[in-house]
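Residue numbers (our numbering): 20 to 192.
Beta carbons: idealized from backbone N, C-alpha and C, even for Gly.
This report concerns only the one structure given below.
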Ligand code: CO
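As structure tokens, then:
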């Protein structure tokens, strides 16, 4: 299976995804393919629904660089145990090319998740990684940048959003 990036308003992006239950080689092979897609597209994070796979799985690497993979994490079945503070910053999304909007998120979260072998981890995540995690966890719930942007940004980007809809409709024909 070759995974390809899905863009708004692909229906898979709007679905709530299912938990991962089998931590097997097939899972790990797909994760390897997802890393390829993420680096090819120049992302710092990628959620499984963005490649048409409706499961609770996300990848992140705050450097976004294949040459610095020290910050790579495979985050499966994530839960926010607690959170603190607020932070507003600019955010983009591979599924919304050419759109950048201010989004207010929690400043930090205590994250519990499983890795690709099914091991459970818990860690406090702050700053940019916290923003990535919250953005990608939104994807697992079918919540997108378009749902988080202000009414002013929705007007500002209405042309881009219409273009995305038209592109997807043309592909479907
Ligand atoms: Co996104």
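| Check | Outcome |
| --- | --- |
| Starting from residue 92, follow the beta strand (DSSP E) in both directions and report where the run begins and ends. | 92-103 |
| Nearest CA to the CA of residue 129: which residue from 142, 152, 147 and 114? | 142 |
| Compute every distance between the C-beta of residue 78 and the non-hydrogen atoms of the ligand CO, then say whether any falls below 7 Å. | no |
| Using a Cβ-Cβ cutoff of less than 7 Å, which residues in the same chain neighbour residue 27 once the five nearest sequence positions on both sides are dropped? | 114, 115, 163, 165 and 183 |
| Can you give, in chain order, each stretch of the alpha helix (DSSP H) that sits fully within the stretch 126-169 and has at least 4 residues? | 146-159 and 164-167 |
| Decide yes or no for the touch test of the stretch 25-42 against the stretch 75-83: beta carbon pairs closer than 8 Å, at least 3 of them. | yes |
| Do residue 83 and residue 61 have their C-beta atoms within less than 8 Å of each other? | yes |
| Mind checking whether residue 24 and residue 70 have CB atoms under 8 Å apart? | yes |
| Express the C-alpha separation of residue 135 and residue 157 in angstroms, rounding to a whole number. | 20 Å |
| I need the boundaries of the alpha helix (DSSP H) containing residue 25, first residue and last residue. | Unbroken run through residue 25: none, as it is neither H nor E. |
| Using the Cβ count rule (16 or more neighbours within 10 Å means buried), how would you classify residue 132? | buried |
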